[in-house]
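Numbering (this note's numbering), first residue to last: 2 to 395. The C-beta atom is built at its ideal place from N, Cα and C for all residues, glycine as well. Since we're looking at a predicted model, the values are computed, not measured.
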Amino acid sequence: MGQLIAGPFAGQLLGQFGAEVIKVEPPNVGDPLRVWRELDVDGTSPWFRSIGRNKKSVAIDLRKPEGRQLVKQLAIKSDVLLENFKPGTLERWSLGPTDLHPHNPSLIFTRVSGYGQTGPWAPRPGYASVCEAESGFRYINGFPAENGGLAGPPVRPNMSLGDSVAGLHAAFGTVLALLGRQRRPRDGKTGITVDVSIVESMLNLMEGIIPEYDRKGKTRGPSGSSVTGIVPTNAYPCLSSTTSTPTYIVIGANGDTIYNRLMNAISRPDLTGPLFQQNHHRVAQQQEIEKAISDWTRQHTVEEVEEVMRGAGVPVGQVACVKDIMDCEQTKARGAVRDVWVPNGENEGWNVKMQGTFPVLSGVDSQPRWSGPDLGLGMTSADVDELRDRGIVG
2 MGQLIAGPFA
12 GQLLGQFGAE
22 VIKVEPPNVG
32 DPLRVWRELD
42 VDGTSPWFRS
52 IGRNKKSVAI
62 DLRKPEGRQL
72 VKQLAIKSDV
82 LLENFKPGTL
92 ERWSLGPTDL
102 HPHNPSLIFT
112 RVSGYGQTGP
122 WAPRPGYASV
132 CEAESGFRYI
142 NGFPAENGGL
152 AGPPVRPNMS
162 LGDSVAGLHA
172 AFGTVLALLG
182 RQRRPRDGKT
192 GITVDVSIVE
202 SMLNLMEGII
212 PEYDRKGKTR
222 GPSGSSVTGI
232 VPTNAYPCLS
242 STTSTPTYIV
252 IGANGDTIYN
262 RLMNAISRPD
272 LTGPLFQQNH
282 HRVAQQQEIE
292 KAISDWTRQH
302 TVEEVEEVMR
312 GAGVPVGQVA
322 CVKDIMDCEQ
332 TKARGAVRDV
342 WVPNGENEGW
352 NVKMQGTFPV
362 LSGVDSQPRW
372 SGPDLGLGMT
382 SADVDELRDR
392 GIVG
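See below:
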């Protein structure tokens, strides 16, 4: 019962590994994501074809009592109800845990919201962009001012990271709940609620920020393209083979022995030895180290830097765009991008490329079974026809 990204991404992950996922959408228009960003020849977003993979579509008007009753009947026969409405919405529709557990005691509710189902902020609408800011994530992304805070607005990844991270937590929590249900005594009361907050999902990624603040009073701020307290790992400018604008390459040499190999590879053995031996030594010398690496990379193309670094056993990678990823030999060898058929009529259609199924499990076919479906039930029984005539389902 989720729309847009967080709930649907969780459903995508579960559906990729065999769950039967029935997506409930409003009649006529469906999930708004169907028409987000680029549209294909049929007017549907290729993104929806990806995030809706392996799902069945049911168009039901939840504003009408008959529509809510139909969802109730579906939930009674289901293992999991996954939703990302604002807290309290299902309860107003009489579809919350207290309404459905008497009919299906083992039903698992996976609920994704901005701030969780409890607390003073629970009633607020929660969008990923806002929740990323309130989790502290946006504060550490950008370039630092002299006082250690942000110099200008925070930099946002060009994607809805908070939604996808919350979707991962929702899928993980759902699997844990299903495993727990199998292990609990069969007393008829095995259904639980998986309460996923976008803010808390992002907070879960924030490494040592809270304990560092608690024990040392340190407030981690933005660090540009590097990472605070880890040296060297950064994006370094290179000569461009086609324009005067520098391109960038990422080098990660924060391992002690890897660092020594890097310095020798760029002819700077003077920056090795006891004063640079371990990470905390290098943090104290960060400016000098970063300048030495940048001065060297600026004299070489990305390809030349890659060749030298790989020869020295130093982790290195180009900053790739989507075309680079599609053409990458590793992507092709792993089947990380898959062609999935989009039917358009009985014998026509086209393939759309999308990410494969991750993680890869041995013995599990990683090919998506079908693309995100067109809106509607695809059923012909008389009772559904009647509901469709009344506008309750599409």
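Backbone secondary structure at residue i - three-state DSSP
i, result
"leucine 240", "strand"
"isoleucine 267", "coil"
"aspartate 215", "helix"
"methionine 380", "Confidence in methionine 380 is poor, its pLDDT being 42 and thus under 50, which makes the residue's placement unreliable; the coordinate value appears in the next sentence. Coil, per DSSP."
"leucine 151", "strand"
"glutamate 84", "strand"
"phenylalanine 100", "At residue 100 the sequence reads aspartate, which differs from the phenylalanine that was named. Helix."
"isoleucine 6", "coil"
"tyrosine 1", "Nothing about residue 1 can be read from this structure; the chain reaches only from 2 to 395."
"valine 232", "coil"
"glutamate 304", "helix"
"alanine 60", "strand"
"valine 320", "coil"
"tryptophan 351", "strand"
"lysine 190", "coil"
"alanine 278", "Looking at the sequence itself, residue 278 is glutamine, so the reference to alanine does not match. The answer is coil: DSSP assigns glutamine 278 none of H, G, I, E or B."
"arginine 54", "coil"
"valine 341", "strand"
"phenylalanine 49", "helix"
Identity of the residue in the options nearest residue i by Cα
i, options, result
"valine 228", "Pro212, Pro247, Leu240, Met207", "Met207"
"isoleucine 109", "Val176, Phe138, Lys333", "Val176"
"threonine 111", "Gly120, Pro145, Val36, Gly12", "Gly12"
"glycine 377", "Gly218, Gly225, Ile23, Arg93", "Ile23"
"glycine 373", "Asp366, Arg269, Met355", "Met355"
"alanine 334", "Pro316, Gly357, Val323, Pro344", "Gly357"
"tryptophan 122", "Ile199, Pro238, Glu289, Arg370", "Ile199"
"aspartate 296", "Met264, Ala285, Gly192", "Met264"
"asparagine 55", "Pro145, Glu39, Leu15", "Leu15"
"valine 323", "Asn159, Leu272, Val306", "Asn159"
"glutamine 118", "Val197, Ile141, Ile290", "Val197"
"valine 81", "Ile141, Phe138, Pro106", "Pro106"
"proline 275", "Ser268, Ala285, Ala266", "Ala285"
"serine 224", "Arg185, Ala146, Gly97", "Ala146"
"arginine 125", "Pro98, His301, Asn85", "Asn85"
"glutamine 300", "Ile193, Cys239, Lys57, Asp257", "Cys239"
"glycine 174", "Arg185, Val195, Gly127, Pro66", "Val195"
"valine 306", "Tyr237, Glu291, Leu96", "Tyr237"
"isoleucine 294", "Met310, Asp375, Asp215, Val113", "Met310"
"histidine 104", "Asp325, Gly192, Gln368", "Gly192"
"serine 130", "Ala172, Ile141, Gly115", "Gly115"
"glutamine 419", "Val338, Val59, Ile267", "There is simply no residue 419 to check, as the chain begins at 2 and stops at 395 in what is shown."
"serine 226", "Met203, Asp43, Ile210, Arg157", "Arg157"
"glutamine 279", "Ser95, Gly230, Ala266", "Gly230"
"lysine 65", "Ile259, Leu96, Tyr214", "Leu96"
"glutamate 349", "Phe10, Asp43, Ala172", "Asp43"
"leucine 179", "Ala20, Asp366, Gly218", "Ala20"
"phenylalanine 138", "Pro98, Gly149, Leu91, Ser202", "Ser202"
"proline 98", "Cys329, Lys190, Tyr214", "Lys190"
Distance, residue j Cα to residue i Cα
i, j, result
"valine 361", "phenylalanine 18", "10 Å"
"threonine 381", "glycine 89", "Reliability of the predicted coordinates at threonine 381 is poor, the pLDDT of 42 falling under 50, and no value is obtained from them."
"glutamate 26", "glutamine 287", "53 Å"
"lysine 87", "alanine 167", "14 Å"
"proline 212", "arginine 221", "11 Å"
"threonine 248", "glycine 312", "21 Å"
"aspartate 41", "valine 353", "10 Å"
"glycine 379", "arginine 93", "Caution is warranted here: a pLDDT of 40 is assigned to glycine 379, below 50, making its placement in the model unreliable, and no coordinate value can be reported."
"glutamate 308", "threonine 298", "12 Å"
"serine 183", "histidine 102", "For the sequence presented, residue 183 should be read as glutamine rather than serine. Approximately 17 Å, taken between the alpha carbons."
"arginine 69", "glycine 3", "15 Å"
"aspartate 375", "isoleucine 326", "28 Å"
"glycine 120", "isoleucine 61", "31 Å"
"aspartate 1", "glycine 314", "This structure leaves residue 1 out entirely; the chain is present only between 2 and 395."
"asparagine 235", "isoleucine 267", "16 Å"
"glutamine 78", "tyrosine 128", "The sequence as given places lysine at residue 78; glutamine does not occur at that position. Each residue's Cα considered, the two are about 31 Å apart."
Beta-carbon separation (whole angstroms), residue i vs residue j, contact threshold 8 Å
i, j, result
"isoleucine 6", "serine 241", "Their Cβ separation, rounded to whole angstroms, is 35 Å, which puts isoleucine 6 and serine 241 out of contact at 8 Å."
"leucine 1", "glycine 8", "Nothing about residue 1 can be read from this structure; the chain reaches only from 2 to 395."
"valine 232", "asparagine 255", "6 Å"
"arginine 35", "threonine 45", "6 Å"
"leucine 151", "glycine 143", "5 Å"
"valine 251", "valine 320", "7 Å"
"proline 316", "glycine 253", "4 Å"
"arginine 283", "phenylalanine 277", "5 Å"
"isoleucine 290", "leucine 272", "6 Å"
- Are the segment 129-146 and the segment 168-179 in contact at 8 Å, needing three or more beta carbon pairs? Result no; under three Cβ-Cβ pairs closer than 8 Å.
- Task: Please determine if the segment 70-88 and the segment 31-43 are in contact, where contact requires at least 3 C-beta pairs separated by less than 8 Å.
- Result: Touching, no, given that fewer than three Cβ pairs across the two stretches are closer than 8 Å.
- Count the C-beta pairs between the segment 335-353 and the segment 47-54 that are closer than 8 Å, then say yes if the count reaches three, no if not. Contact between the segment 335-353 and the segment 47-54 is present: 3 or more CB-CB pairs across the two stretches fall below 8 Å.
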